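A short worksheet on the structure shown next.
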Amino acid sequence: MKRIVLALAAAAFIVQPVAAQDGPRIAHQPSSRTPFSAAIQVDNTYWLSGKLGATAETRAMTEGRVAAETHNIMRAFGELLTELGMDYHDIVRATVYLTDVAGYSEMNEAYAQYFEGGDAPSRVTVAVAGLVAGASIEISFIAVKTDD
5 MKRIVLALAA
15 AAFIVQPVAA
25 QDGPRIAHQP
35 SSRTPFSAAI
45 QVDNTYWLSG
55 KLGATAETRA
65 MTEGRVAAET
75 HNIMRAFGEL
85 LTELGMDYHD
95 IVRATVYLTD
105 VAGYSEMNEA
115 YAQYFEGGDA
125 PSRVTVAVAG
135 LVAGASIEIS
145 FIAVKTDD
């Protein structure tokens with residue numbers, strides 16, 4: 005019986021820190037009435053919703069479109085990260101969606117400019133049949149805010 009009581013006490017002690025953690029909260033809500041949040045925070049981890057870089061100008065481009073959209077996306081994320089007290093170095097995971105894998109090198113060259121110094125996050129790139137608004141690329145990130 006003593007062992008059971010000790011085991012229950014130990015289990016309660018171990019579970020307590022997990023239960024004390026904050027739950028998910030909206031860290032940033034876009035001004036538009038989209039049915040999703042721009043960023044969700046759980047403790048010091050932020051899940052940043054995907055962004056598109058398509059504009060009327062990029063949709064009219066025949067060359068350099070993927071790079072232009074990538075730069076638009078990365079600048080928008082730069083602004084969001086700044087609002088959240090972070091920068092590109094806080095990103096730990098990226099997911100890139102491309103409508104045409106032929107644009108992979110173009111995307112990669114533009115994307116790499118934001119992670120100079122060899123501290124790029126882990127990443128997966130996926131080819132998709134299409135994206136909303138005629139976009140050719142969408143990127144989402146996971147970032148971790150540190151106490152530095």
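Just so we're aligned, residue 5 is where the sequence shown starts under this note's numbering, counting upward by one.
Even for Gly, the Cβ is constructed at its ideal location relative to N, Cα and C.
Since the model is a prediction, treat every value here as computed from it, not as a measurement.
{"Check": "Which of helix, strand or coil DSSP assigns to residue 50", "Outcome": "strand"}
{"Check": "Nearest neighbour of residue 57, chosen from 105, 132 and 73 [CA to CA]", "Outcome": "73"}
{"Check": "8 Å Cβ cutoff met for residue 127 and residue 100", "Outcome": "yes"}
{"Check": "Burial state of residue 109, where buried means 16 or more other Cβ atoms lie within 10 Å", "Outcome": "exposed"}
{"Check": "With 16 other Cβ atoms within 10 Å as the buried cut-off, status of residue 40", "Outcome": "exposed"}
{"Check": "Contact check, residue 164 vs residue 150, beta carbons under 8 Å", "Outcome": "This structure does not reach residue 164, given that the chain is present from 5 up to 152, and the question cannot be answered."}
{"Check": "Contacting residues, own chain, Cβ-Cβ under 7 Å from residue 69 (five flanking each side not counted)", "Outcome": "62 and 140"}
{"Check": "Exposure label - residue 67; buried when at least 16 CB within 10 Å", "Outcome": "exposed"}
{"Check": "Cβ neighbour criterion (16 or more within 10 Å) applied to residue 83", "Outcome": "exposed"}
{"Check": "Collapsed DSSP secondary structure at residue 160 in the structure displayed", "Outcome": "Absent from the model: residue 160. The displayed extent of the chain is 5 to 152, so no value can be given."}
{"Check": "Under the three-state DSSP convention, the category residue 73 falls into", "Outcome": "helix"}
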